[in-house]
Amino acid sequence: RRQRALLWAVLLAAWEAAWGQLRYSVPEEMPKGSFVGDVAKDLGLQLPEIRDRGVHILDKGRTQYFAVHGKTGHLVTAERIDREQLCESVQQCVLRCELIVEGQMQVYGIEVEITDINDNAPSFKEIELEETMSETTAPGSRFPLAEAHDPDSGRNSLQSYELSGDEHFSLAVQAGPGGDQRPELVLAKALDREEAAFHELVLRAMDGGDPARTGTARIRVTVLDANDNSPVFSQAEYTVRVAEDVPVGSVLVTVTATDTDEGLNGHVKYSFHRISERASKLFQLESKTGEITLKENLDFEEISSLEMEVQARDGGELFDAAKVTVSVTDVNDNAPELTISSALTEISEDARSGTVVALLHVQDRDSGANGEVRCSLDGDVPFRLQSSHGSYYSVVTARELDREQVSEYNVTVRAADGGSPSLQSSAVLALRVLDVNDNAPVFAEERYSARLAENNAAGALVLTVRATDADWGQNARVRYRLSEGRVRGAPLSSYALHTFLLDAESGSITLQEALDFEETSTFSLAVEAKDGGGLVAHCKVEVEVLDVNDNAPEI
1 RRQRALLWAV LLAAWEAAWG QLRYSVPEEM PKGSFVGDVA KDLGLQLPEI
51 RDRGVHILDK GRTQYFAVHG KTGHLVTAER IDREQLCESV QQCVLRCELI
101 VEGQMQVYGI EVEITDINDN APSFKEIELE ETMSETTAPG SRFPLAEAHD
151 PDSGRNSLQS YELSGDEHFS LAVQAGPGGD QRPELVLAKA LDREEAAFHE
201 LVLRAMDGGD PARTGTARIR VTVLDANDNS PVFSQAEYTV RVAEDVPVGS
251 VLVTVTATDT DEGLNGHVKY SFHRISERAS KLFQLESKTG EITLKENLDF
301 EEISSLEMEV QARDGGELFD AAKVTVSVTD VNDNAPELTI SSALTEISED
351 ARSGTVVALL HVQDRDSGAN GEVRCSLDGD VPFRLQSSHG SYYSVVTARE
401 LDREQVSEYN VTVRAADGGS PSLQSSAVLA LRVLDVNDNA PVFAEERYSA
451 RLAENNAAGA LVLTVRATDA DWGQNARVRY RLSEGRVRGA PLSSYALHTF
501 LLDAESGSIT LQEALDFEET STFSLAVEAK DGGGLVAHCK VEVEVLDVND
551 NAPEI
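Letter by letter, the sequence shown follows residues 1 to 555 in the UniProt record's numbering.
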C-alpha cells in the first residue's frame, strides 16, 4: 500500500512538473536528511546538470525545512518537522518553497504536505479535577467535565471518553456545535455524605491511532453536607469580669459556636443581636473569631455591668444565640472629693471647746474599700474632726484658744481612701482668732525711782513709766494716771498733783513747777495703767529732791 502511494505521488509530481509545480508529501517528525521527492527525476535533470546548473532552494530569510541533495538530486528534509507546531489549527498542513535552476533561468514551486503521525496522546489541562455536590443533589443531574485535547488530526485525534471508579456516577458525551465531544458527569445514584464524603473517579480520553494513545484525569467529587445542623454556642451565657482600667483594644472574652455541618453550612459568623447603644460604643465583635474587644475606656462609676446578646449564624442562615455579661470591677482611680460646705473665718479666743468652725462634705466615686474615706487634721492644732451626718464632718475646737499664743491657724484637712495605693485630697481652713480682753497691763517695773535737783524748771522730765498689754487693738491700748501718793508719809496733796504731770498716753512724768528741797525732799507717787477693756495695773514712783545751795545763812 505504501509503495502504491509512493508511485502515485511520483506520477503526480511528474505531471505537475510539466506545469512548473511539484507536489510531495512526507510524514512529520522525520529525521533531518529524510527523502521527500526525486526532484531531478521529476524535472528531467541529469545529475551532472544539478551540479553544473546550480539547482537549489531559494532562501527567503525564513527557516528552510527542505534542501536539494547535490549528489542524488533528491529533495530532503533540512530540519525535523513538527506538524502540530507549524499547523496547530489547520487540518491540511502544506509547506511551500521554490526551486531555482539557474542554468535554465527557471523557477519551480514545490508544495510538501506534512502528514500527521500519532505522536501525541490526548491530555487534560489539569490531571486533578475537583467537583463538589450537595448530598441532596437529585440523581440524573449532569455536571460538565473538562475536555481533553489532542493536537493530532484525523483518526489520530481524540475519539472517545471512558469513566471508571464508582457506581454513583456514569459518563455521558455530548456533541458540540463543531462536532467536538463534550464529556458530562452524570449522578446515577443518590449521595450520602455520612456514608462517603469523597468519591474518586478516573476519566480516560482515547484517540484513534494504532496503537491508540490515552490520557487520564483523576476526578475527586466532594460531597457537601446539607445544612441540617444549627450552630451551637459552647455556653448559653458568658460572664466576664474586667477591671475598669483595662486598655482599649484588649480582648475581653471570646465566644465560640460550632456547627457540625461542613463547608459554608458549617462556617459560623458572629454578630451582636441585642445590644444597647452604650454597649455598642464600648465593644466590638470580630465576626470570624468571636473575640469581643474594647473600643473605649470603661468607667465603673458610670456603668458597672453590661449585657448583650450574641448571635452565631452559619452559611445556611441557621443560628444560635448566647448572652454575654460584662461586669466592670472598680479600680481606685478617683481621689476623695473634699468640699468645704460652710466655714468660719474668725473665732473668738474665748470660744468654748466643741465650737463648730467648719462643715465639710467628703465623697469618693469609687466603691468598696476604694471608696471608704478617712479624714484627719494635719499637725498639733486645737481642733478635731467629728462625724456629722452621713458623709459630712464638722471641725470643732478641741480646747480653749489663746490669741496671744497663736493668732491665726491654717488648718489642713486631709481625706484619704482605702485603696492601695491610697489616693488623697486636702483642703485648708484659714481661721483668725479674735482678741478678748483677758490680759491686764503689766508695768516694766513695779517700783520706779528718780533723783532730781531742786529748782528745775517746769517741764523737766522726771522719768517715764511703761506698761504693756498682750491683748490686741483697743484691749491693748494703755492709758496712765496718778492715782494716789504720799508726801512725808501723808496722803498725796493737791500740791503734789500740781507739781507733777503724767502724760496719759506716753507715761512721761514731768514737772509743772520747780521743786523746793527745803519744803519737800521726797515724793511717793502711785501710777495706774488701764487698758481699753478696763483692766488696770499699778506701780510706785519714788522721787528724791536733791538740795541745792540756794539759801544764804541767816544771822
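We treat Cβ as the ideally placed atom computed from N, Cα and C, and that holds for glycine. Bear in mind the structure is a predicted one, so any value in this text is a computation, not a measurement.
Can you check whether the CB of Ile-114 is closer than 8 Å to the CB of Val-26? yes
With three or more C-beta pairs closer than 8 Å as the rule, is the stretch 285-294 touching the stretch 338-354? no
How would you call Asn-120, buried or exposed, if buried means at least 16 neighbouring beta carbons within 10 angstroms? buried
May I have the straight-line CA-CA distance separating Asp-152 from Thr-222, to the nearest angstrom? 34 Å
Taking only runs of the beta strand (DSSP E) that begin and end inside the stretch 106-143, which ones reach a length of at least 3 residues, in chain order? The stretch 106-143 contains these whole beta strand (DSSP E) runs: 106-115, 128-134.
Pairwise C-alpha distance: Ile-303 and Val-246: 15 Å
Can you give me the C-alpha to C-alpha distance between Val-248 and Asn-227, rounded to a whole angstrom? 38 Å
Apart from the five residues just before and just after Gly-266, which ones in its own chain have a Cβ nearer than 6 Å to its Cβ? Cβ within range, chain order: Asp-259.
What first and last residue would you give for the alpha helix (DSSP H) that runs through Glu-291? Counting along the chain, Glu-291 falls outside any alpha helix (DSSP H), though it belongs to the beta strand (DSSP E) covering 291-294.
Would you tell me roughly how many angstroms separate the C-alpha atoms of Leu-298 and Ser-230, rounded to the nearest one? 34 Å
Consult DSSP for His-389 and reduce its assignment to one of helix, strand or coil. Assigned with DSSP and collapsed to three states, His-389 falls in coil, not helix or strand.
In chain order, what residues of the same chain lie with their CB nearer than 6 Å to the CB of Thr-522, ignoring the 5 residues before and after it? Glu-544
Just list the residues that DSSP pairs Thr-464 with in beta bridges. Ser-508
Beta-carbon within less than 8 Å of Glu-408's beta-carbon, same chain only, minus the 5 sequence neighbours each way: which residues are those? Ala-430, Leu-431, Arg-432, Val-433
If I'm right that Gln-386 touches Ser-376 with Cβ under 8 Å, what's the distance once you round it to whole angstroms? Actually they are not in contact, since the Cβ atoms of Gln-386 and Ser-376 sit about 12 Å apart, beyond 8 Å.
Around the C-beta of Met-105, are 16 or more other C-beta atoms found within 10 angstroms, so that it is buried, or is it exposed? exposed
Are the stretch 178-198 and the stretch 91-103 touching by the rule of at least three beta carbon pairs closer than 8 Å? no
Hey, Val-202 and Gly-179: beta-carbon distance below 8 Å or not? no
Taking 6 Å as the limit between beta carbons, can you name the residues of its chain near Ile-100, skipping five residues before and five after? Leu-58, Val-107
Among all the DSSP beta bridges, which residues are the ones paired with Cys-539? Val-527
Where Asp-207 falls, given that 16 or more other Cβ within 10 Å makes a residue buried: buried
Please state whether DSSP places Leu-264 in a helix, a strand or coil. Helix, per DSSP.
Could you check whether Asp-225 and Glu-135 sit closer than 8 Å to each other, using their CB atoms as the reference points? Going by C-beta atoms, Glu-135 is nearer than 8 Å to Asp-225.
CA-CA distance, Asp-82 and Gly-33? 15 Å
Whole beta strand (DSSP E) elements within the UniProt domain "Cadherin" (125-233), 3-residue minimum: Within the UniProt domain "Cadherin" (125-233), the runs of beta strand (DSSP E) at least 3 residues long that lie entirely inside it are, in chain order, 128-134, 142-144, 158-164, 169-175, 181-187, 198-207, 214-224.
Could you have a look at Arg-1 and say whether DSSP puts it in helix, strand or coil? Confidence at Arg-1 is low in this model, with a pLDDT of 39, below 50, so its placement is unreliable and no value can be given for it.
Note down the Cα distance separating Val-232 from Ala-257, rounded to an integer number of angstroms. 5 Å
Short Cβ contact (8 Å threshold) for Asp-503 with Asp-438: no
Rounded separation between Ala-148 and Gly-109 - CA only: 39 Å
Which value, in whole angstroms, describes the spacing of the CA atoms of Gln-512 and Ala-460? 8 Å
Please report the straight-line C-alpha distance between Arg-451 and Leu-501, rounded to a whole angstrom. 16 Å
Using CA coordinates, which residue listed in Gln-363, Asp-366, Asn-332, Phe-383 is at the minimum distance from Thr-355? Phe-383
Cβ shell of Glu-126 (< 8 Å), same chain only, five flanking positions each side left out: Ala-146, Ala-217
In whole angstroms, what is the alpha-carbon distance linking Val-76 and Phe-66? In this structure, the alpha-carbon of Val-76 lies about 6 Å from that of Phe-66.
Which residues bound the alpha helix (DSSP H) around Lys-281? Segment 277-282, the alpha helix (DSSP H) holding Lys-281.
Where do the ends of the alpha helix (DSSP H) carrying Ala-302 lie? The amino acid occupying residue 302 in the given sequence is Glu; Ala does not appear at that position. Segment: none, Glu-302 is in no alpha helix (DSSP H) and carries neither H nor E.
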